[in-house]
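Below is one structure, written out as structure tokens; the observations come after it.
This is the structure we're talking about:
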């Protein structure tokens with residue numbers, strides 16, 4: 024579709040510059056660019072290809088399916104699957120030359136058997152659980168696991184060993200995890216094991232603890248401008264847009280949205296924007312971190328229930344901040360444009376705030392690379408350019424009086 028109603032604009036030039044900045048910062052350390060979850064909503068293949076072109080040494084995905092998608096899309100660089108796989112998925116992992124995270128012997132056995140049949144080596148990274156409590160072998164069993172794999176599974180090559188920090192913004196917790204990991208590495212080296220890739224850092228840890236860079240860092244948020252940095256010049260590569268598809272004026276005292284949560288206090292001109300919670304707008308997913316976070320979330324919900332406008336319920340219409348009124352619908356929201364009603368037209372562009380990673384896959388991804396514009400991974404010809412222009416110049420307003 025050459026004229027999308029809603030779209031995510033992704034500047035691949037900015038992503039490339041972010042990656043090059045990170046590469047320059049880490050020096051000789053290898054860079055793994057995380058492209059899991061559809062590259063945090065930005066589009067897995069375009070971002071992965073851009074990352075490789077910009078100097079990424081490795082790519083990281085969560086699932087086997089994501090890794091296979093990259094291979095089928097033509098990506099040939101090393102890909103690490105963070106989640107452990109099921110034993111029955113071992114042949115697929117090897118068929119597509121994916122590097123697998125291992126933390127149990129059933130997976131190791133399945134990979135070894137499949138590799139033996141194919142007359143090849145299975146590349147694996149052993150994961151250590153130093154405190155996150157998710158994937159990984161516990162520290163007290165890590166050295167033994169490496170020893171058993173090396174001694175008994177001849178078709179397994181341990182290319183890497185790593186852990187994942189639970190709270191990289193907290194130095195004491197992070198250093199405790201790092202020291203546990205280092206003690207395992209020292210014992211392995213004492214016993215003669217040389218594992219090429221040792222890695223622990225995510226974006227925040229990479230910025231805060233240079234001594235923890237080791238052989239490779241795993242960077243996701245920073246690539247997408249989602250992690251603040253005082254040390255590096257990192258830019259946001261993407262923005263979310265939609266267009267006004269309907270305008271009308273409501274009288275004073277008129278309810279707006281489901282549940283009658285908002286009532287107009289004056290004659291109000293509203294713009295209907297076809298972007299709602301299905302598309303990724305304002306998801307009330309609460310995972311409070313302690314009592315204070317719980318209290319703040321409760322206050323926000325109470326204010327919302329009384330129709331009080333909060334900071335995260337705004338959009339920009341032609342660059343001007345406007346409030347969203349009432350409860351957001353599944354695939355639309357209602358915006359107050361009363362104060363700029365003479366300057367607003369159907370088709371005008373609206374900039375929205377939403378988590379990229381929560382964006383619906385049905386939302387078009389429009390890419391800018393060099394001087395070219397691409398729509399959903401496909402270059403658009405001069406005769407079929409993406410139309411991202413502003414409105415019709417017509418009010419097309421319906422009044423309810």
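Residue numbers (the working numbering): 24 to 424. For each residue, glycine too, the CB sits at the ideal point set by N, CA and C.
For residue 387, does the three-state DSSP call read helix, strand or coil?
strand
May I have the straight-line CA-CA distance separating residue 219 from residue 45, to the nearest angstrom?
21 Å
Cross-strand partners of residue 179 (DSSP beta bridge)
145
Among 214, 74, 216, 187, whose alpha-carbon lies nearest the alpha-carbon of residue 202?
187
Taking C-alpha atoms, which residue in 205, 193, 152, 215 lies nearest to residue 174?
215
Own chain, CB closer than 8 Å to residue 382, minus 5 neighbours either side, in chain order:
31, 64, 263, 302, 303
Smallest Cα separation from residue 369: which of 267, 352, 159, 185?
267
Mark residue 41 as exposed unless 16 or more other C-beta atoms lie within 10 angstroms of its C-beta, in which case mark it buried.
Burial of residue 41 is indicated by the presence of at least 16 other C-beta atoms within 10 angstroms of its C-beta.
Buried or exposed, going by whether 16 or more other CB atoms sit within 10 Å of the CB of residue 33?
buried
Please classify residue 36: does DSSP put it in a helix, a strand, or coil?
Residue state, collapsed to three classes: helix.
Are the segment 75-90 and the segment 102-122 in contact at 8 Å, needing three or more beta carbon pairs?
Flag = yes, the segment 75-90 and the segment 102-122 touch.
Give me the Cα-Cα distance between residue 387 and residue 373, rounded to the nearest whole angstrom.
15 Å
For residue 28, does the three-state DSSP call read helix, strand or coil?
coil
Nearest-angstrom Cα distance between residue 286 and residue 366?
Distance between the alpha carbons of residue 286 and residue 366: 24 Å.
Reducing DSSP to helix, strand and coil, say where residue 369 ends up.
coil
Check residue 360 in the structure and name its three-state DSSP category.
Residue 360: coil per DSSP, three-state reduction.
Using the Cα positions of residue 209 and residue 166, report the straight-line distance between them to the nearest angstrom.
10 Å
For residue 243, count neighbouring C-beta atoms within 10 Å of its own C-beta (all shown protein chains included) and say buried if the count is 16 or more, exposed if not.
That one is buried.
Strictly by DSSP, which residues pair up with residue 375?
263
Going by the DSSP bridge assignment, what does residue 185 pair with across the sheet?
150, 222, per the DSSP bridge assignment.
Contacting residues, own chain, Cβ-Cβ under 8 Å from residue 143 (five flanking each side not counted):
117, 178
Inter-residue spacing [alpha-carbon to alpha-carbon] between residue 98 and residue 49
For residue 98 and residue 49, the distance between alpha carbons rounds to 24 Å.
Since residue 165 sits in a beta bridge, which residues does DSSP pair it with?
Beta-bridge partners of residue 165 (DSSP): none assigned.
From this set, 340, 72, 357, which residue's C-alpha is nearest residue 280's C-alpha?
Out of 340, 72, 357, 357 has the C-alpha closest to the C-alpha of residue 280.
How should residue 265 be labelled, buried or exposed, when 16 other C-beta atoms within 10 angstroms of its C-beta is the threshold for buried?
buried
Endpoints, the alpha helix (DSSP H) within which residue 196 is located
Annotation: the continuous alpha helix (DSSP H) that includes residue 196 extends over 194-213.
Assuming the contact rule is C-beta atoms closer than 8 Å, residue 282 and residue 353 should be a hit. Round their C-beta distance to whole Å, please.
That pair is no contact at about 13 Å.
Close Cβ partners of residue 133 (< 6 Å) along its chain, the five nearest in sequence each way excluded
Answer for residue 133: 110, 113, listed in chain order.
What alpha helix (DSSP H) runs, 4 residues minimum, are completely inside the segment 76-156?
87-95, 113-118, 128-141
Answer yes if the segment 234-249 comes into contact with the segment 342-353, meaning at least three C-beta pairs across the two stretches below 8 Å, and no otherwise.
no
Starting from the Cα of residue 108, find the closest Cα among 128, 297, 164, 395 and give me that residue.
128
Spatial distance of residue 54 from residue 115 (CA atoms)
25 Å
Hey, residue 123 and residue 149: beta-carbon distance below 8 Å or not?
no
How long is the line joining the alpha carbons of residue 28 and residue 292, rounded to whole angstroms?
Near 21 Å, if we compare the C-alpha coordinates of residue 292 and residue 28.
Assign residue 253 to buried or exposed, taking buried as 16 or more other Cβ atoms, counted over all protein chains shown, within 10 Å of its Cβ.
exposed
Check this for me: beta carbons of residue 106 and residue 158, under 8 Å apart or not?
Contact check for residue 106 against residue 158 passes: the beta carbons are separated by less than 8 Å.
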